[in-house]
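Take 1 as the starting number for the sequence shown in UniProt numbering and just add one per residue. Ideal Cβ placement from N, Cα and C applies to all residues, glycine included. Some notes on the structure that comes next.
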Amino acid sequence: MVKDLLDSRISLPLCQKDAQAIVQVVTLALACLGSNPKSRPSMQQVAHELSNFKQSSLSLPLSEITPHFKSSLFNGSSGLPLFESSPLLLCLSPELVGGSSDLSLFGNAYPDKTRVPEKEVAMHKFNSKVMQISYNPCHPFRLIPFLHCIYTSTTSHQSIYHSNQLLNGLSKSGRVDDARKLFDKMLQRDEYTWNTMISIYVNVGRLAEARDIFYRFSGRSSIAWSSLISGYCRFGYESEAFDLFRCMRLEGQNPSQYTLGSLLRACSALGWIKSGTLIHGYVIKNGFKSNVYVVTGLVDMYAKCKYISEAEFLFKGLSFDKGNHVLWTTMVTGYAQNGDGFKAIEFFRYMRREGVDSNQFTFPSIVTACSAVSAHCFGEQVHGCIIRSGFGCNVYVQSALVDMYAKCGEFNSAKRVLETMEEDDVVSWNSMIVGCARHGFEDEVLALFQKMHARNMKIDEYTFPSVLNCCVLGLTDSKSVHCLIIKTGFENYKPVSNALVDMYAKTGKLSSAFSVFGRMLEKDVISWTSLVTGYAQNGLHEESLKTFCDMRIAGVSPDQFIFASILSVCAELTVLEFGKQVHADFIKSGLKSSLSVDNSLVTMYAKCGCLDHADTIFISMQVQDVITWTALIVGYAQNGKGRESLRIYDAMVSCGTKPDYITFIGLLFACSHAGLMEDGHIYFQQMNKVYGIKPGPEHYACMIDLFGRSGKLDKARDLLDKMDVEPDATVWKALLAACRVHGNLELGERAATNLFHLEPKNAMPYVMLSNMYSAAHKWDEVAKVRKLMKSKGIVKEPGCSWIEINGTVHTFISEDRGHPRVAEIYSKLDGVITLIKEAGYVPDMTFSLHDMDREGKEASLAYHSEKLAVAFGILASSPGVPIRIFKNLRVCGDCHSAMKYISKVLNHHIILRDSNCFHHFKGGECSCGDYW
1 MVKDLLDSRI SLPLCQKDAQ AIVQVVTLAL ACLGSNPKSR PSMQQVAHEL
51 SNFKQSSLSL PLSEITPHFK SSLFNGSSGL PLFESSPLLL CLSPELVGGS
101 SDLSLFGNAY PDKTRVPEKE VAMHKFNSKV MQISYNPCHP FRLIPFLHCI
151 YTSTTSHQSI YHSNQLLNGL SKSGRVDDAR KLFDKMLQRD EYTWNTMISI
201 YVNVGRLAEA RDIFYRFSGR SSIAWSSLIS GYCRFGYESE AFDLFRCMRL
251 EGQNPSQYTL GSLLRACSAL GWIKSGTLIH GYVIKNGFKS NVYVVTGLVD
301 MYAKCKYISE AEFLFKGLSF DKGNHVLWTT MVTGYAQNGD GFKAIEFFRY
351 MRREGVDSNQ FTFPSIVTAC SAVSAHCFGE QVHGCIIRSG FGCNVYVQSA
401 LVDMYAKCGE FNSAKRVLET MEEDDVVSWN SMIVGCARHG FEDEVLALFQ
451 KMHARNMKID EYTFPSVLNC CVLGLTDSKS VHCLIIKTGF ENYKPVSNAL
501 VDMYAKTGKL SSAFSVFGRM LEKDVISWTS LVTGYAQNGL HEESLKTFCD
551 MRIAGVSPDQ FIFASILSVC AELTVLEFGK QVHADFIKSG LKSSLSVDNS
601 LVTMYAKCGC LDHADTIFIS MQVQDVITWT ALIVGYAQNG KGRESLRIYD
651 AMVSCGTKPD YITFIGLLFA CSHAGLMEDG HIYFQQMNKV YGIKPGPEHY
701 ACMIDLFGRS GKLDKARDLL DKMDVEPDAT VWKALLAACR VHGNLELGER
751 AATNLFHLEP KNAMPYVMLS NMYSAAHKWD EVAKVRKLMK SKGIVKEPGC
801 SWIEINGTVH TFISEDRGHP RVAEIYSKLD GVITLIKEAG YVPDMTFSLH
851 DMDREGKEAS LAYHSEKLAV AFGILASSPG VPIRIFKNLR VCGDCHSAMK
901 YISKVLNHHI ILRDSNCFHH FKGGECSCGD YW
């Protein structure tokens, strides 16, 4: 076999000086592929490959290079690995490779008839073919390992051209370390060598080694600079990339279009609009404004940095052919990403009119734009274009179509697209699940999730949040879903962890929510928002405020959602000063105002008694919805300005805003607190007749309160008996309060008895009934009620008042002696009582509910918690500053009368917020008109 090989003539034109290297390539690469018979190529494969190498009828006897052949294969003298234990896998014969071929291919290149060095040209073509095969890792004749071995033994005889080819081959096969060894052994290197080595390191992210090679290269050109800059941009070192760009300019090197393109992509990814505009200036000054590659990068940069108008201006000002579909796709995508779906649709139509073809990148962008604006009709037309254009089976296009149909509520169309997909794509299934969740089809969400699980699809971190939302409704066991999340290893993914915190918080399992929150490795603003909102929704408003403060200490910047939530908490707690700080924090954050934040601000200021501030926010709003109007209506009503509430309601209806269920609660509340019985009755009738809103228990409670405050207890009882819904606790509380005011024991006992059953642990009905008996001097009945409370373990909530001075909250209870300035407070209060008595104040003994003499009753009335708070406010507040007091219970009639006198005699503006409404005492009058 060996003899046949040595005696044969091979039809490969070999250059004499390359004989050693080429023989080694042919023999080792094609013959010594391994000792395993299964890995050997067939003779037909060898014939097919070698048939492509026939270049010339010129050939050399193989015997001329037999010594090199023998040395390479059998003696190991060239440093190659020995293959003595392996049989020769291939025998080459003249019949396999043929004998000659035409050389006319080279004839026209030299008009002066100079002969082409045929053997040299053919040799280079052969070497190129060998290298081409070597680049393919799956090719049966993969040669890279052997070529490297060949090179290391014949380095001194190799030209730079062949060395660079081998270096490039090692690069493409991913053998970075071997490439470096080859690079270090090369005796001669040209610019291509250095650039290739830099590119090899850049492609695998070994930037430090790339930079080392870069700075060792004294003749670096713009190609080397571009390669290194592109690498730093690609692997997230954008700042270093711009530093390199500045150094490049200082060395006098001019960037290429690819350098500028890399830098612009970095600006797009990070939103560096300032750096992007500087590059734009360079582009204009250095003649790149007609380069479609660079201009496309500029358009993309402006669009992704939210400067879509600049991108559009740049596009329309192009002086060259606008037929580039990449440029058009960039504009369509830019509009879609900037939330302007209608503009994207308009631009897509313009693109079609101009005859520019769409591709697999254009269609997903325009379909996404259709989903954003619910333009499913146009989306269906685009779907038709997709099918005609041949992109109907593209997975990215199909995924966008599923998402569009699902978001638009066209679930049958979405299912059809999903079912036609050749492979189960998790993104498409997630889109379907999210769409069903948003439209309230929770059962369908769970069905899809079960199908994904049954098909063994790779569920990801975007699948679970929608499923967890269904757990809030109790459609599936939240613990089982949580267990699956832990098993699949997704608990530490932020979207999943955030959804878990939100789910547990919304279902009232705050300990579980906090546990998940505590285990999170990285918390973002969504994580904190879920916890803050969860505490607030479960009535733990103080915990919500503390969590918000912890978030700010942790350095997490709040967004519009958490600002809206925390402002609502401030409104519930009526903590005005803290609310003002949050408002200031929102302004300093630079966030754009949103409807939810503005509504929360209006509510917060209105509920804290600052109607001027609420009006200012309301007027500054560009859009007001029904929530905004309702907040202002309720705010004015709670501050004793019921007629103003009605005026605001009329303005709302005139603007075309329809009232809702909550609006009428606020409206009827305003009527009841202003004594507007006729108006209240009219609005109550309008609810169902005009707006089709069926009255609920809250509306009936307001009407009963309205009749009760007006002394029309018979009408209140008649309305109670005619209710279309079952009366709840709010209805009976309203009736009980009215009975207490007017001393109707019979009806009061009926209301209290019902409350005993509805809210057995609530002390309010027991206390109210006891007070009614006390006012009627039925002390035996008082004793029975108090004994009943004691037997049931019911404790009355003690009345307390608080005032905030210089950021510190001071709390008082009746006859409190625990304050550090107690002596000053009591001395001041005694002096104030003396002054207002001189002005006509007479203590109302009916509000002293203890069986004692007149002197004892008067003393107990004098030191109620709100009076102590007012005395401290007079001592500690600056002159002219309103004194703001808050009380957990309704203010008693005697304190209400005393506050009016204090405001008149001492010329103080006192704002008292009790459990029912605000009282603004000024000049001896109260905003409630003594109707609270």
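Coil, strand or helix - residue i by DSSP
{"i": "Trp272", "result": "coil"}
{"i": "Ser801", "result": "strand"}
{"i": "Asn436", "result": "Contrary to the premise, residue 436 reads as Cys rather than Asn in this sequence. The answer is helix: DSSP assigns Cys436 an H, G or I state."}
{"i": "His919", "result": "strand"}
{"i": "His757", "result": "helix"}
{"i": "Glu312", "result": "helix"}
{"i": "His777", "result": "coil"}
{"i": "Ser85", "result": "In this prediction, Ser85 scores a pLDDT of 27, lower than 50, which makes its location untrustworthy; the coordinate-derived value is nonetheless stated afterwards. Looking at Ser85 - three-state DSSP - the assignment turns out to be coil, as it is neither helix nor strand."}
{"i": "His833", "result": "The residue asked about is misnamed: residue 833 is Ile in this sequence, not His. Looking at Ile833 - three-state DSSP - the assignment turns out to be helix."}
{"i": "Ile813", "result": "strand"}
{"i": "Thr808", "result": "strand"}
{"i": "Leu912", "result": "strand"}
{"i": "Glu644", "result": "helix"}
{"i": "Lys733", "result": "helix"}
{"i": "Lys588", "result": "helix"}
{"i": "Ile885", "result": "strand"}
{"i": "Glu925", "result": "strand"}
{"i": "Asp930", "result": "coil"}
{"i": "Val822", "result": "helix"}
{"i": "Asp212", "result": "helix"}
{"i": "Val623", "result": "coil"}
{"i": "Val472", "result": "helix"}
{"i": "Glu120", "result": "With a pLDDT of only 47 at Glu120, under the threshold of 50, the placement of this residue in the model should not be trusted; the figure read from the coordinates follows. Looking at Glu120 - three-state DSSP - the assignment turns out to be helix."}
{"i": "Lys523", "result": "coil"}
{"i": "Lys580", "result": "helix"}
{"i": "Gly880", "result": "coil"}
Chain-order list of residues whose beta-carbon lies under 6 Å from that of residue i (same chain, five-residue window excluded)
{"i": "Ala670", "result": "Ala637, Gly642 and Ser645"}
{"i": "Phe812", "result": "Ser801, Ser865, Leu868 and Ala869"}
{"i": "Val434", "result": "Ser466"}
Residue from the options whose Cα sits closest to the Cα of residue i
{"i": "Val417", "options": "Cys408, Val397 and Val434", "result": "Val397"}
{"i": "Ile627", "options": "Cys608, Leu601 and Asp612", "result": "Leu601"}
{"i": "Val905", "options": "Ala839, Asp718 and Leu327", "result": "Ala839"}
{"i": "Pro882", "options": "Leu889, Ser927 and Ile874", "result": "Ile874"}
{"i": "Ile648", "options": "Asp615, Ser620 and Gly675", "result": "Asp615"}
Exposure of residue i, with buried meaning 16 or more beta-carbon neighbours within 10 Å
{"i": "Val569", "result": "buried"}
{"i": "His280", "result": "buried"}
{"i": "Ile562", "result": "buried"}
{"i": "Pro879", "result": "exposed"}
{"i": "Phe313", "result": "exposed"}
{"i": "Leu735", "result": "buried"}
{"i": "Trp779", "result": "exposed"}
{"i": "Ala584", "result": "exposed"}
{"i": "Met845", "result": "exposed"}
{"i": "Phe69", "result": "Low confidence applies here, because Phe69 scores a pLDDT of 38, under 50, leaving its location unreliable; read the following figure in that light. Buried: at least 16 other Cβ atoms inside 10 Å."}
{"i": "Cys436", "result": "buried"}
{"i": "Ile284", "result": "exposed"}
Nonlocal neighbours in the same chain, by C-beta distance under 7 Å from residue i, ignoring five residues either side
{"i": "Val809", "result": "Trp802"}
{"i": "Tyr773", "result": "Glu781, Val782 and Val785"}
{"i": "Lys796", "result": "Ala763 and Val767"}
{"i": "Phe756", "result": "Pro765"}
{"i": "Phe342", "result": "Val373"}
{"i": "Ser512", "result": "Tyr504"}
{"i": "Lys761", "result": "Ile794"}
{"i": "Asn599", "result": "Ile627, Thr628 and Ala631"}
{"i": "Lys487", "result": "none"}
Same chain, Cβ closer than 8 Å to residue i, five either side skipped, listed in chain order
{"i": "Phe578", "result": "Leu545 and Cys570"}
Review point. Which whole runs of the alpha helix (DSSP H) in the region 646-726 are 4 residues long or more, in chain order?
Key: Segments of the alpha helix (DSSP H) lying fully in the region 646-726: 661-674, 677-691, 697-709 and 713-721.
Point to revise | In chain order, each alpha helix (DSSP H) run of at least 4 residues that lies wholly inside the region 350-428 | key: DSSP assignment within the region 350-428 yields the following whole alpha helix (DSSP H) runs of 4 residues or more, N-terminal first: 362-372, 376-389, 395-407 and 411-420.
Practice item. Only counting runs of 4 or more residues, tell me where the alpha helix (DSSP H) segments fall wholly within the region 490-522, in order along the chain. Key: 494-506 and 510-519, all fully within the region 490-522.
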